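Novice:
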Amino acid sequence: MQGNLREFDINYELKKLPDLPGVYIMYDKDDNIIYVGKSVSLKNRVRSYFTTNHKYKKVQAMVEHIHRFEYIIVNNETESLVLEANLIKKNRPKYNINLKDDKQYPYIKITNEKFPKILKVRDVKDDKAQYFGPFPTISDLEKLMELSILIYNIRDCKLNFDRGKFLQRPCMSYYLERCSAPCTQNIDRENYNNDVKKVIKFLSGDTSEIKEILLNKMKEASVKEEYELAIKYRDFLSELDYLFTKQIFNIKKFKEYHLISYAYVENILVVAIFIVNDGLVIDRKHFIVENNLDLEFEELFSNVIRQFYISHHNKVKEIYIDYSDDRFLNEISLFLSKIFDENSISVKNPKKGVKFEQIKILQKNAKEILTKHIFDSKNINIKYLEAINYLKNILDIETLNRIECYDISNISGDFNVGSMVVYKNGFKSSKDYRKFKIKTVVGQDDYSSHKEMLTRRFNRFLDEKINSIGSSFSEMPDLILMDGGKGHVNVAKEVLLEKNLNVPVIGLVKNDKHRTKGIIFEDNYIELDINTNIYRFLFDIQEEVHRFAINYHRSLQNKKLQNSILDEIKGVGEIKKIKLLSHFGNVSAIKKASIDELMTVDKMDKRTAKNIFEFFNNEG
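In terms of the numbering used here, the sequence shown opens at residue 94 and continues consecutively.
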């Protein structure tokens, strides 16, 4: 790895770049990783960032923030693919593609234990458990789980008593007749597992037994004049047939393969994925990516596919891609073989048959998603314009280009941080966002924390104005939004008055459920209709500033935790600490590691590995 944090001379380092395959890592002035890329020629690719006029603003912005770079030479392009993907996954750089997946559909899981339990999950793992689904809605899943527990008394607790450790008395579920209490040996393993087999049979689609049981229970409840209970059983009966019309089956019994297609227009790429089991589409995913870094289409498409598999899904043996270039398909196959640790992953372009027809349908899906996205994006401009005009009217101003919103995040006064998000012409301007460590406030004091943040922000403005320095602080906002009510507005006004500055201030007021409900301006409260564009606009800003503050707060919290704990262990210096965190990802994973697992870390010796293991395992 090349690069030096101290006195890094970019022009000098550019001259030393080798004409070899590898991965390059870009850092900002705060030493945060902002971009990770790969290339068959480090020399040509890295130099291009600093010697070419870029037409995309995102590329320009990234280059402006590059303070130093490092590179890692590898043997071949396949190695660079894997290394790049892992570094992106671990560091989530600001300028790399960040796939935001819609939530996976839920499944019912029957665990592989001596006394299996029934669970609700979203990930299907290769763990010898049985999975049923996917379910279109969580309510459908919960109804079938409720029936399984109610009729067969299968447990849904988290207890693990495979090693012969049982309890003295059962929990409340036993007394509510929702569990047969294997934890107290109230039922033997054979009888319990017979009930589990009945549940599996039921979830596999054989509803004859459970229908008979429900019918008898309904009649019994009616005779006892327990009419509410009778209605409950009746409703379960009426819903059973409906629930089993929805592609619900034991997914472990069938062969799974994936289909991938795309649509690409106006530098916007939609990648659509079908997950197919036994010929049926059981899940669908899509990703919308803007080509802000001016990548070639093929590289952009490859990046999305690779990031999906390294971050979002379990291994699969067969993948069919709507792209006919053999070199591209082989590259994806080699990459997947590497990350899944398999000898061969089949990646093909179907030319005919069922899979070809399925690809055509998927392609149609991708095109429709792209068309809708472009249409919605154009409509957003109109909606934002309406919202900004509304604000102009109540503020009685002609220009509203830059809006700044402020928020504070802490836990009982610890890790007190502030955030500033910026919107320009109605759109997020993330390059202008700023974070603040609150330095002068001890404890949980929202008003004082806001005062410190705003004072520092406008001191910077006045200083940069005098010294002609250009940054986000050198621009004056046309409007300040405070995440809070009248008290927060008054704090902002007080700071502006002290600095002899004149900027309108609006408070964003939340209801009891912490959702935007109205605004405060000039001591007047205006409640907002949730169906209006101004409400949606301000709600989005409020959510964004909160997200930004929370993320910064968590990063500081995690950083402090890591530093404080690992620094206490004998033999763990700065280098070993970095190696440990790079290898395991976080302190939690280090805590769970065995001595043998710790020994696999680069530069680790047996004595230090033993110290780490004993430190965490003897920790009270």
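From the three backbone atoms N, C-alpha and C, an ideal C-beta is built for every residue, glycine too.
Keep in mind that this is a model prediction, so the values were computed, not measured.
1) Under 8 Å, with one C-beta from each stretch per pair, do the region 538-558 and the region 511-522 reach the 3-pair mark?
2) Considering only C-alpha positions, which residue in the set Val364, Lys408, Lys236 and Leu429 is nearest to valine 397?
3) In terms of residue numbering, what span does the beta strand (DSSP E) encompassing tyrosine 268 cover?
4) Exposed or buried, what is cysteine 276 when buried is set at 16 or more other beta-carbons lying within 10 Å of its beta-carbon?
5) What separation, rounded to the nearest whole angstrom, lies between the Cα atoms of isoleucine 280 and alanine 274?
6) Pick out the complete alpha helix (DSSP H) segments inside the region 527-576, 4 residues or longer, and give them in chain order.
7) Using a Cβ-Cβ cutoff of less than 7 Å, which residues in the same chain neighbour lysine 696 once the five nearest sequence positions on both sides are dropped?
8) Is phenylalanine 554 near the ligand GTP, going by C-beta to nearest heavy atom under 8 Å?
9) Within the same chain, show all residues whose beta-carbon is closer than 6 Å to that of glycine 130, passing over the 5 residues directly before and after it, in chain order.
10) Where DSSP assigns a beta bridge to histidine 160, which residues make up the other side?
11) Go through its chain and collect everything with a Cβ distance to isoleucine 658's Cβ below 8 Å, but skip five positions before and after it.
12) Going by the beta-carbon positions, is the gap between glycine 580 and tyrosine 618 smaller than 9 Å?
13) Where does threonine 701 fall in DSSP's three states?
14) Tell me the rounded alpha-carbon separation between alanine 154 and lysine 453.
15) Check the C-beta distance from aspartate 571 over to asparagine 494 and give it rounded, since I have them as a contact under 8 Å.
16) On the three-state DSSP scale, how would you describe threonine 277?
17) Considering only residues of the same chain and omitting the five flanking positions on each side of proline 263, which have a CB-CB separation below 8 Å?
18) Just list the alpha helix (DSSP H) runs in the region 429-498, keeping only unbroken ones of 4 residues or longer that don't cross its boundaries, in chain order.
19) Taking 6 Å as the limit between beta carbons, can you name the residues of its chain near methionine 119, skipping five residues before and five after?
20) If you follow the alpha helix (DSSP H) that valine 584 is part of, which residue opens it and which one closes it?
21) Can you tell which of Gly446, Gln635 and Asn583 has the C-alpha that lies nearest to the C-alpha of lysine 603?
22) With the cut-off set at 9 Å, would you say glycine 611 and glycine 577 are in Cβ contact?
23) Among the candidates Leu386, Leu110, Asn370 and His351, whose CA atom is the shortest distance from the CA of leucine 362?
24) Can you find the residues in the same chain that come closer than 7 Å, C-beta to C-beta, to lysine 122, ignoring five residues on each side of it along the sequence?
25) So for serine 395, helix, strand or coil by DSSP?
26) Going by CA-CA distance only, name the one from Val156, Thr145 and Ser134 that's closest to valine 167.
27) Which stretch, first to last residue, makes up the beta strand (DSSP E) that contains alanine 365?
28) Taking Cβ positions only, does glutamine 278 come closer than 9 Å to chain B?
29) Extract the residue ranges of the alpha helix (DSSP H) inside the region 193-251, only unbroken runs of 4 or more that lie entirely within it.
30) Are the beta-carbon atoms of isoleucine 201 and valine 214 separated by less than 9 Å?
31) Along the beta strand (DSSP E) that carries serine 132, what are the first and last residues, could you check?
32) Below 8 Å, how does it come out for the region 428-437 and the region 223-243: are there three or more Cβ pairs, yes or no?
33) Return the first residue and the last residue of the beta strand (DSSP E) that asparagine 617 is part of.
34) Could you give the DSSP three-state label for asparagine 104: helix, strand or coil?
35) Rounded to a whole number of angstroms, what is the C-alpha to C-alpha distance between isoleucine 623 and valine 382?
36) Strictly by DSSP, which residues pair up with methionine 119?
Specialist: According to the data block:
1) yes
2) Val364
3) From DSSP, tyrosine 268 is part of no beta strand (DSSP E) but of the alpha helix (DSSP H) over 265-268.
4) buried
5) 7 Å
6) 539-560
7) Ile668, Lys669 and Lys672
8) Because no ligand of any kind appears in the structure shown, any question about the ligand GTP cannot be addressed here.
9) Tyr117
10) Per DSSP, none; premise fails for histidine 160.
11) Val680
12) no
13) helix
14) 38 Å
15) 6 Å
16) helix
17) Cys272, Ala274, Cys276, Thr277 and Asn279
18) 446-488
19) Ile127, Tyr128, Ile159 and Phe162
20) 579-591
21) Gln635
22) no
23) Leu386
24) His160
25) helix
26) Ser134
27) 361-370
28) Absent here is chain B; the protein component of the structure consists of one chain.
29) 231-245
30) yes
31) 126-132
32) no
33) 617-620
34) helix
35) 29 Å
36) Tyr128 and Phe162
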